[in-house]
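Okay, structure first, notes after.
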Amino acid sequence: MLTQYNKQIPKEAICIIDTIEKAGYEAYIVGGCVRDLLMGRTPHDWDITTSAKPEQVKEVFRRTYDTGIKHGTVTVILNEQHFEVTTYRIEGEYKDFRRPEEVSFVEDITLDLSRRDFTMNAIAYHPVRGFVDPYHGQEAIKKGYISSVRCAKERFTEDALRILRAVRFSAQLGFSIDEDTIQGIEACKELLTHISKERIRDEFLKICVSDRPTHINLLRKLGLLEYIIPEFIKTYDTPQNHPHHIYHVAQHTLVAMENVEPTIRLRLTMLLHDLGKAYTRTTDKNGIDHFYNHPKKSVELAGKILRELKLDNRMIKEVSSLIYFHDYHIKHTIDKIYVKKMLMEIGPELFDELMKVQLADARSQNPDKLEPKIKNIEKQKKLKEEVMASNEPYQKSMLAITGSDLMAAGIPRGKEIGWLLDEALDKVIRDPLANEKDKLISYCQKIYGNRGEE
1 MLTQYNKQIP KEAICIIDTI EKAGYEAYIV GGCVRDLLMG RTPHDWDITT SAKPEQVKEV
61 FRRTYDTGIK HGTVTVILNE QHFEVTTYRI EGEYKDFRRP EEVSFVEDIT LDLSRRDFTM
121 NAIAYHPVRG FVDPYHGQEA IKKGYISSVR CAKERFTEDA LRILRAVRFS AQLGFSIDED
181 TIQGIEACKE LLTHISKERI RDEFLKICVS DRPTHINLLR KLGLLEYIIP EFIKTYDTPQ
241 NHPHHIYHVA QHTLVAMENV EPTIRLRLTM LLHDLGKAYT RTTDKNGIDH FYNHPKKSVE
301 LAGKILRELK LDNRMIKEVS SLIYFHDYHI KHTIDKIYVK KMLMEIGPEL FDELMKVQLA
361 DARSQNPDKL EPKIKNIEKQ KKLKEEVMAS NEPYQKSMLA ITGSDLMAAG IPRGKEIGWL
421 LDEALDKVIR DPLANEKDKL ISYCQKIYGN RGEE
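The opening residue of the sequence shown carries number 1 in this note's numbering; numbering runs sequentially from there.
Structure (structure tokens):
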């Protein structure tokens, strides 16, 4: 029976266990990799736990480096692969709700498993002796539920981030959370105020890019959204009484997230694209809702939220651009000029992403209105391909002139140079054949002279 599991474990990991045990100690594979092994998933990391102290591990292996020596972790390098090896331990008091003040090394694997978060993660595996499972983690995996090891409230008080980890695992694995663990979450949720935004962000993003981004509903139900993205709560009370919509804003948003690829950029865009609707809703005399300028408000709110969650500036800029232009096409004629202006604004890569955003948005609205929206998106894609294939100019670097050319033609250095290049780009976007050096210099001289006469 163990053979089926051993075949999936890297030979280097088994070699490390054998080497440690030949030196007189115990060793097991432990944690999430064992859970994934039981579920038929491919583990990303193979963690090993042992009764050997860190210095003893370092004596046994030729190539090691200290990873978290204070907490008993040494990384062993074997065949250029890196494996974390951690000494059995129990943990002292958690004063900051995230890390123990001290750890004590022990020699009993069951004591080490007792400190872990959830029963499905508190299983150890040995290639010969099999599983050590004192908290019935295998049963939890088979039945598909998440249960805290021992007292849920104690586990969450030790590290409040485990509250979000429970929801994240539920989203990733499709498991339910048992009632005792739910009660522990509700009792300890305020402790999330002690957790850094970076740690909260990482768990939240994993929920967003999971197969079940609608678990954001669970975050709301458990009262956790207010510690992550409180601005979103209002969308649950924002209807969309409009012929193009069948959902309220929150439901539309989560369906849209399901309808787009699971990348951080796209999922965050869909999460935040209509957030401004909760703050711009008006209702006309016929009972139809309108959300004038909601993309602009959404961008404003998204920037604030993403900065608070410590996203990098590039991600904030890209998500903001996609939000701002997500329904720009509705108010404009779709032709090559429009497409080139969009390429000028956001570039080819984000243009392709914008098409995915528009499609996800459309598929999350009234299905009776879907067909013309899809045709609109396909038309934009086709026009973009034509522009790229014919190398039609859509940015200043593609112009036949530079600022130096204009100054050489007698236009003085200054802000007018940038303005004239903008005007030249607008001209060639409308008329690609005008993208010739002499023609553009003459055009710029003319409009510069006209401006001086005003």
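The beta-carbon is built from N, C-alpha and C at its ideal position, and this holds for glycine as well.
Given the structure is predicted, the values throughout are model-derived calculations rather than measurements.
Span of the beta strand (DSSP E) around residue i
i	result
Ile14	Ile14 -> not in any beta strand (DSSP E); alpha helix (DSSP H) instead, spanning Lys11 to Lys22.
Glu89	Per the sequence shown, the amino acid found at residue 89 is Arg instead of Glu. Arg89 to Glu91 is the extent of the beta strand (DSSP E) around Arg89.
Ile69	Looking at the DSSP string, Ile69 is not in any beta strand (DSSP E), and its letter there is neither H nor E.
Ile48	Ile48 to Thr50
Residue i (DSSP reduced to helix, strand or coil)
i	result
Lys446	helix
Glu84	strand
His290	strand
Ile441	helix
Val468	No statement about residue 468 is possible, as the shown extent of the chain runs from 1 to 454 and does not include it.
Leu2	helix
Leu399	coil
Ser147	coil
Thr235	helix
Gly31	coil
Ile246	coil
Ile411	coil
Thr181	helix
Ile264	helix
Gly40	coil
Val103	strand
Gly130	strand
Residue environment, residue i, which counts as buried when at least 16 other CB atoms sit within 10 Å
i	result
Glu454	Interpretation of Glu454 is limited by its pLDDT of 47, a score under 50 that renders its predicted location unreliable; the figure taken from the coordinates is listed afterwards. The residue in question, Glu454, is exposed, as its Cβ has fewer than 16 Cβ neighbours within 10 Å.
Asp117	buried
Ser404	exposed
Asp178	buried
Thr333	exposed
Met270	buried
Cys444	buried
Ser196	exposed
Val128	exposed
Met120	buried
Ser442	exposed
Ala302	buried
His245	buried
Gln240	buried
Arg413	exposed
Gly223	exposed
Thr3	exposed
Arg265	buried
Pro393	buried
Met407	exposed
Arg463	This structure does not reach residue 463, given that the chain is present from 1 up to 454, and the question cannot be answered.
Leu433	exposed
Arg430	exposed
Unbroken alpha helix (DSSP H) run spanning residue i, endpoints
i	result
Tyr125	Premise fails: Tyr125 lies in the beta strand (DSSP E), Ala124 to His126, not in any alpha helix (DSSP H).
Leu301	His294 to Glu308
Glu416	Lys415 to Arg430
Arg165	Leu161 to Leu173
Glu154	Ala152 to Glu158
Leu78	Unbroken run through Leu78 is the beta strand (DSSP E), Thr73 to Leu78; no alpha helix (DSSP H).
Thr280	Lys277 to Thr280
Thr110	Ile109 to Leu113
Proximity test, residue i beta-carbon vs the ligand MN heavy atom, cut-off 8 Å
i	result
Arg413	This structure does not include the ligand MN; it has no bound ligands of any sort.
Please list the segments of the alpha helix (DSSP H) lying wholly inside the region 317-394, counting only runs of 4 or more residues, in order along the chain.
-> Here the runs fully enclosed are 336-362 and 370-389.
Can at least three beta-carbon pairs, one atom from the region 357-372 and one from the region 251-266, be found at a separation below 8 Å?
-> yes
Would you check if there are 3 or more beta carbon pairs closer than 8 Å linking the region 343-359 to the region 315-331?
-> yes
Mind pulling the alpha helix (DSSP H) runs of 4 or more residues that sit fully within the region 191-221?
-> 197-208 and 216-221
Three or more C-beta pairs closer than 8 Å, one from the region 217-233 and one from the region 257-269: is that the case here?
-> no
Segment contact, 8 Å Cβ cut-off, at least three pairs: the region 149-169 with the region 63-70 = no
Decide yes or no for the touch test of the region 189-205 against the region 308-322: beta carbon pairs closer than 8 Å, at least 3 of them.
-> yes
Validate contact between the region 264-279 and the region 183-190 using beta carbons, cut 8 Å, 3 pairs = no
Counting pairs of Cβ atoms below 8 Å between the region 390-403 and the region 286-295, do you hit three or more?
-> no
Do three or more CB pairs link the region 279-291 to the region 386-400 at distances below 8 Å?
-> Contact between the region 279-291 and the region 386-400 is absent, because fewer than three Cβ pairs lie under 8 Å.
Answer yes if the region 224-232 comes into contact with the region 169-176, meaning at least three C-beta pairs across the two stretches below 8 Å, and no otherwise.
-> no
Below 8 Å, can you find three or more Cβ-Cβ pairs linking the region 8-21 to the region 78-86?
-> yes
For the region 132-139 and the region 40-49, state whether three or more C-beta atom pairs, one from each stretch, are separated by less than 8 Å.
-> no
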